[in-house]
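The block underneath contains the structure these notes are about, expressed in structure tokens.
Numbering (our numbering), first residue to last: 2 to 546.
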């Protein structure tokens with residue numbers, strides 16, 4: 002994942018023909034499948050997968066946290082390092098030259114070997130996130146860099162138990178999640194390595210090493226006498242193919258060199274092996290629709306396997322699969338995920354935002370220039386998302402050594418302080434008749450493509466209020482504190498369609514005494530206590546008959 006300006010604005014919908022089959026390219030029919038497919042009510046078609054129903058545990062959880070952590074965090078130089086280090090003149094290329102040397106001599110495979118994760122303590126981090134209010138936890142299983150972060154049967158040489166940390170990272174995260182009583186998720190990004198790594202096939206156009214190829218086309222034979230002797234870099238880079246004509250996230254025909262049958266089948270086997278070994282409750286695919294769709298049907302097969310496995314093992318469907326840029330029918334088959342953005346209105350089906358307080362991979366520069374989101378921004382984002390029937394999954398960037406820095410820890414703790422007081426307005430709630438009111442909603446950027454509309458509206462003020470419900474309680478969360486000591490909720494005016502008669506009491510969560518209130522033609526006016534209860538967002542619990 003990156004701030005994918007490269008893909009922003011691409012069409013979200015696929016031709017209707019593709020809703021039932023992947024253009025006839027059933028690669029698995031021609032290749033050896035080592036991992037068996039669990040049969041059950043779900044078949045590997047979009048039509049069958051549309052019988053999916055989001056489990057209540059996920060709808061009730063609302064807030065999850067994520068460790069988007071892998072070898073690209075080793076340089077602490079931000080997102081997409083394993084691709085951009087091969088882009089001559091880019092800032093990450095320049096960092097690579099300074100830190101490691103030229104990518105013809107020291108490529109990403111060598112960066113992996115430098116990564117040790119010596120301070121990684123999954124139990125401590127997951128416990129911290131649980132105390133901050135997270136109701137599920139997710140860890141990255143692989144990124145576009147194609148390096149598996151677990152004991153991988155099919156990426157048996159290029160995985161974290163053999164190179165780098167020499168630890169089963171997913172196994173450690175899964176154990177910590179279980180010990181903390183949290184549903185566990187894995188994020189899977191490796192389907193795109195085929196085209197994502199193509200920069201590694203290039204060479205500088207300028208300077209002393211102009212024309213000297215980077216290490217993207219090295220073979221097993223080239224490793225003699227080197228630390229990686231006996232290993233085949235092509236198992237990692239997957240670059241034994243012609244360069245594509247351009248870069249396209251959606252495997253567009255005529256632009257991308259089609260992935261081989263072997264590549265697609267290996268991805269299928271790797272992913273099923275991961276799912277069967279670690280039994281995740283959530284599988285996040287960093288893909289438009291499903292992995293390798295529409296050039297292969299492996300994503301459909303994986304999804305059907307996941308749903309059938311969940312039913313077989315739990316007696317009910319507990320599994321959640323996330324995917325991006327889904328059309329209306331595809332959103333029935335899985336949980337729609339929006340990267341770095343939010344829906345503009347209440348969605349009829351549950352959905353999720355994934356975002357981060359900084360970069361996806363750890364960026365030392367963001368830390369040094371205080372570039373993280375504040376706890377207030379995170380809380381306001383969570384409240385807005387929940388009011389629209391969504392969940393928030395928040396990444397806290399992990400440093401190369403496996404720790405988080407003190408600024409990140411403070412933000413996590415501040416989120417936890419707010420949640421301890423106000424979480425009843427988040428967990429197990431459902432959207433109200435409208436999601437909210439206020440000037441920020443009138444300037445919010447329309448959702449386009451995979452997301453990326455966060456932070457483009459006016460800043461929230463006390464006039465921005467978000468609603469959700471639980472039982473006979475309406476929660477109205479004000480994003481600021483009015484200086485005049487009166488909060489006016491215009492949507493609840495006595496002459497409004499949304500007026501609520503029979504209000505019994507109004508409380509500000511965190512304060513013991515009920516508040517006085519009155520209705521008028523402008524709205525519901527609530528008299529506030531003298532003392533501001535907190536500085537993040539203020540939840541008013543309205544109890545009615």
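Heads up, the beta-carbon is just placed ideally off N, CA and C, and yes, glycines get one too.
Simplified DSSP state of residue i, which is helix, strand or coil
i           : result
residue 12  : Note that residue 12 scores 34 on pLDDT, short of 50, meaning its location in the model is unreliable; the coordinates nonetheless yield the value given after this. Residue 12: coil per DSSP, three-state reduction.
residue 189 : strand
residue 503 : coil
residue 467 : strand
residue 508 : strand
residue 35  : coil
residue 26  : Because the pLDDT of residue 26 is 46, which lies under 50, any placement of that residue in the model is unreliable, and the question is left without a value.
residue 281 : coil
residue 50  : helix
residue 214 : strand
residue 126 : helix
residue 140 : strand
residue 379 : helix
residue 296 : coil
residue 149 : strand
residue 402 : coil
residue 420 : helix
residue 103 : coil
residue 194 : helix
Alpha carbon of residue i to alpha carbon of residue j, nearest angstrom
i           : j           : result
residue 206 : residue 434 : 59 Å
residue 73  : residue 108 : 12 Å
residue 280 : residue 43  : 18 Å
residue 461 : residue 481 : 7 Å
residue 225 : residue 302 : 39 Å
residue 269 : residue 138 : 24 Å
residue 256 : residue 218 : 21 Å
residue 61  : residue 96  : 44 Å
residue 92  : residue 83  : 13 Å
residue 393 : residue 430 : 14 Å
residue 119 : residue 110 : 19 Å
residue 552 : residue 87  : Residue 552 lies beyond the range of the chain shown here (2 to 546); nothing can be said about it.
residue 361 : residue 530 : 40 Å
residue 168 : residue 211 : 38 Å
residue 71  : residue 199 : 20 Å
residue 152 : residue 113 : 16 Å
residue 436 : residue 63  : 15 Å
residue 410 : residue 177 : 18 Å
residue 56  : residue 333 : 13 Å
residue 507 : residue 514 : 9 Å
residue 495 : residue 284 : 46 Å
residue 103 : residue 408 : 33 Å
residue 47  : residue 314 : 23 Å
residue 131 : residue 417 : 9 Å
residue 154 : residue 271 : 7 Å
Close-in-space but distant-in-sequence residues of the same chain around residue i (CB under 8 Å, 5 per side omitted)
i           : result
residue 40  : 309
residue 214 : 105, 202, 203 and 204
residue 28  : In this predicted model, residue 28 has a pLDDT of only 45, less than 50, meaning its place in the structure is not dependable; the value taken from the coordinates is given anyway. Only 262, 265, 266, 297, 298 and 299 meet the Cβ criterion.
residue 424 : 134
residue 351 : 55, 59, 60, 336, 390, 391 and 392
Cβ neighbours of residue i in the same chain (closer than 6 Å, five flanking residues each side left out)
i           : result
residue 145 : 190, 193, 194 and 197
residue 396 : 67, 69 and 357
residue 37  : none
residue 492 : 438 and 499
residue 538 : 380, 381, 384, 478 and 480
residue 475 : 543
residue 519 : 526
residue 503 : 545 and 546
residue 441 : 458, 459, 461 and 465
From the options, residue whose alpha carbon lies closest to that of residue i
i           : options               : result
residue 543 : 517, 523, 530 and 521 : 517
residue 231 : 496, 159, 391 and 216 : 159
residue 133 : 326, 153, 65 and 331  : 65
residue 157 : 47, 233 and 181       : 233
residue 59  : 427, 463 and 522      : 427
residue 466 : 514, 368, 524 and 495 : 524
residue 367 : 35, 34, 78 and 53     : 78
residue 468 : 136, 515, 186 and 388 : 388
residue 35  : 216, 188, 353 and 273 : 273
residue 136 : 185, 48 and 512       : 185
residue 614 : 260, 209 and 304      : In the structure displayed, the chain extends from 2 to 546; residue 614 sits before or after that span and is not available.
residue 398 : 377, 359, 188 and 174 : 359
residue 236 : 243, 228 and 220      : 220
Sequence-distant residues of its chain with Cβ nearer than 7 Å to residue i (five each side left out)
i           : result
residue 128 : 181
8 Å Cβ cutoff, residue i in contact with chain C
i          : result
residue 46 : In the displayed structure, chain C is absent; only one protein chain is listed.
Check your understanding: Does the pairing of the region 278 to 295 with the region 306 to 324 give three or more beta-carbon distances under 8 Å?
Key -> yes
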